[in-house]
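Visitor: By the count of my numbering, the sequence shown reaches residue 515 at its end, each step adding exactly one. Backbone N, C-alpha and C fix where the C-beta goes; we use that ideal spot for every residue, glycine too.
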Amino acid sequence: MRVLFLNPPFHPRFSREQRSPAVTKSGTLYYPKWLATAAGVAIKEGHEVDLVDAPAANFTLQHIVDRIEAKNIDGVVCDTSTPSILNDVSVIEALRAARPALHTLLVGRHVSALPVETLRTSSALEAVAVREYEYTVRDWLSAKACGADLSGVAGLVFRRATGEIITNAPRPAIENLDELPFVSEVYKRFLHTPDYFYGHSLWPLVVFDTSRGCPYHCSFCVYPQTFSGHRMRFRSVDNVADEFEYVAREMPEIKTVMLEDDTFIVSKPRTLELANELIKRGNKLPFDANCRADVGADVEFLSVLHKAGARLFCVGFESGDVDVINGMKKNNDDRRDAKYHEEAHNFVRRCQDAGIMVHGCFMVGNLNETPASMEKTLGFAKKLRPDTAQFFPIMVYPGTQAYKDAKERNYIQIEDWGAWLTKDGLHNSVVTLPNITHDELVSFCDRARRSFYLAPGYLAYKVKQSLTDYRELQRNLKGFMTLTKYLVKGSEHGKAAEPAAEKPQGVVA
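1) Is it buried or exposed, Asp304, if we count other Cβ atoms within 10 angstroms and call 16 or more buried?
2) With a 10 Å radius around its C-beta and 16 neighbouring C-beta atoms as the bar for buried, classify Thr110 as buried or exposed.
3) Using 8 Å for Cβ pairs, my map puts Ser558 next to Ser325. What's the rounded Cβ distance?
4) If you reduce the DSSP assignment to three classes, tell me which class Glu266 lands in.
5) So the candidates are Glu249, Met369, Lys150, Ala133; which of them puts its Cα closest to the Cα of Phe4?
6) So, is Arg8 buried or exposed, given that buried needs 16 or more other C-beta atoms within 10 angstroms?
7) Measure the C-alpha to C-alpha separation of Lys388 and Lys261 and round it to an integer number of angstroms.
8) Out of Ala76, Gly81, Arg453, Tyr36, which one is the CA nearest neighbour of Ala62?
9) Let me know the secondary structure DSSP gives Asp85 once reduced to three states.
10) Just to confirm my understanding: we take Tyr476, look at its own chain, exclude 5 residues before and 5 after, and list those with CB closer than 7 Å. What are they?
11) Quick check on DSSP: helix, strand or coil for Ser435?
12) Assign Pro292 to buried or exposed, taking buried as 16 or more other Cβ atoms, counted over all protein chains shown, within 10 Å of its Cβ.
13) Please identify the residue among Gly205, Ala466, Ala48, Leu186 whose C-alpha is closest to the C-alpha of Leu147.
14) Determine the burial state of Ala314: buried for a count of at least 16 other Cβ atoms within 10 Å of its Cβ, exposed for fewer.
15) Tell me which residues share the same chain as Arg166 and place their Cβ nearer than 8 Å to its Cβ, disregarding the 5 neighbours each side in the sequence.
16) For Arg195, collect the residues of the same chain with a Cβ closer than 6 Å to its Cβ; drop the 5 residues on either side in sequence, then sort them by chain order.
17) Based on Cα-Cα distance, which residue from Lys150, Thr406, His433 lies nearest to Phe20?
18) Can you pull the DSSP bridge partners for Thr376?
19) Rounded to a whole number of angstroms, what is the C-alpha to C-alpha distance between Ile70 and Thr86?
20) Quick one: Cα of Leu489 to Cα of Tyr409, how far?
21) Helix, strand or coil for Leu10, going by three-state DSSP, please let me know.
22) Taking the continuous alpha helix (DSSP H) assigned at Asn282, which residues delimit it?
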């Protein structure tokens, strides 16, 4: 089949794949990593593949309609997210109106959590892939190509011609991750790498995984709960090192690799094995990775990772209050909560001693949150002194325990998915706690951001860093150019996005 893998039009630079999809204040834009991997699998199967990331390229819906017509596309695999789902459905409706014979498949975390509910929103929607979807897409394409019945495609929820919605057997998680193509090869073929930026990383960058799954059960974390599960699966060390070599050889513009594993250091022996392999091969590409603070890493271990290329760890510190940490189930053993903040301070200092920077992620609005606990979080962030920090109001998504808890307690009083964003596509929490409104959560994050980034000591640190390393200067300037306007004006959180039925933003030329 001739198939288009589409990250559909919405707000310019809307980062659909990140854990909390939105237009970011730092200018961060994630690669469509899952979509690109599925495209790579389809290429291996012999399909004629096109891949479009409309928010990155600033493509309009009309551009997509014209592209589908020009390339005589048979089917579209369309990415989705909770904040954009109303828009995404409207895009599919418009594509089907322009080309009625077009086959469509929706993928992503929102439709994985609510497949039947999503299909019921519009008769233009044909099918949804649930959870990891590379092989579900592969089998859907094969069935469509030969006219086979879709009931045998594991992981698929689809609508029959009669209108009946069928839920197929679930698809087991992919065990041998080495079977998957290098996603960086797909990026090189279809995407413009300078479009993508992480506020904490050198630019340009590429993003790929070395594993899937996470053994922890944080209530808010969407990927393990709706997509990749809690059982760890690892790519082989050689396979990961081969992709590092591919990027270094074939994509010379790339300055760093971001490893988007849910938690990079889960198995210290395996992590050390990978680091030693990269050292053995003479890896010169720095890498950043998601990590936890309580992995028990000492300076010697971290120094080996730094020698292998580790530049920065992105760490979810979340809250400065033990009761809030307990309420979000941050640790699998509640007895560890009391020592969590001590471990966090130790981890940051050890990383700094080993030459590795830390990006801190902080969140407000979880269970047990109070105005006092939010102030503890701001103080915690300042004492940790990470290289960069982000402050989020909690964003609860279908399929997560945090969403279930908030619904049961009537903390979510807005049912319109579009309300998850402001009119400009920024985060707009819909959680109102008994003693804190959703507006107050967003306002606190605006104030915390200003307090952190405009502190004289922090500004002096950034000036010194920029003067001693040109690559960091480039990164700092690019991030601050976007962030500064939000430091001044805030999030304008009172102005939520208009419902897609009234203003389908993906349809605006």
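Guide: Quick look at the numbers:
1) exposed
2) buried
3) The first residue shown for the chain is 7 and the last is 515, placing residue 558 beyond what the model contains.
4) coil
5) With the chain covering 7 to 515 only, the question about residue 4 has no answer from this structure.
6) That one is exposed.
7) Going from the Cα of Lys388 to the Cα of Lys261 covers about 29 Å.
8) Tyr36
9) Asp85 carries a strand assignment under DSSP once its states are collapsed to helix, strand and coil.
10) none
11) coil
12) buried
13) Ala48
14) buried
15) Residues of the same chain with a CB within less than 8 Å of the CB of Arg166, apart from the 5 flanking positions on each side, are Ile172 in chain order.
16) none
17) His433
18) Answer is none; Thr376 lacks a bridge partner.
19) 16 Å
20) 29 Å
21) strand
22) Taken as a continuous stretch (DSSP letters only), the alpha helix (DSSP H) holding Asn282 covers 274-286.
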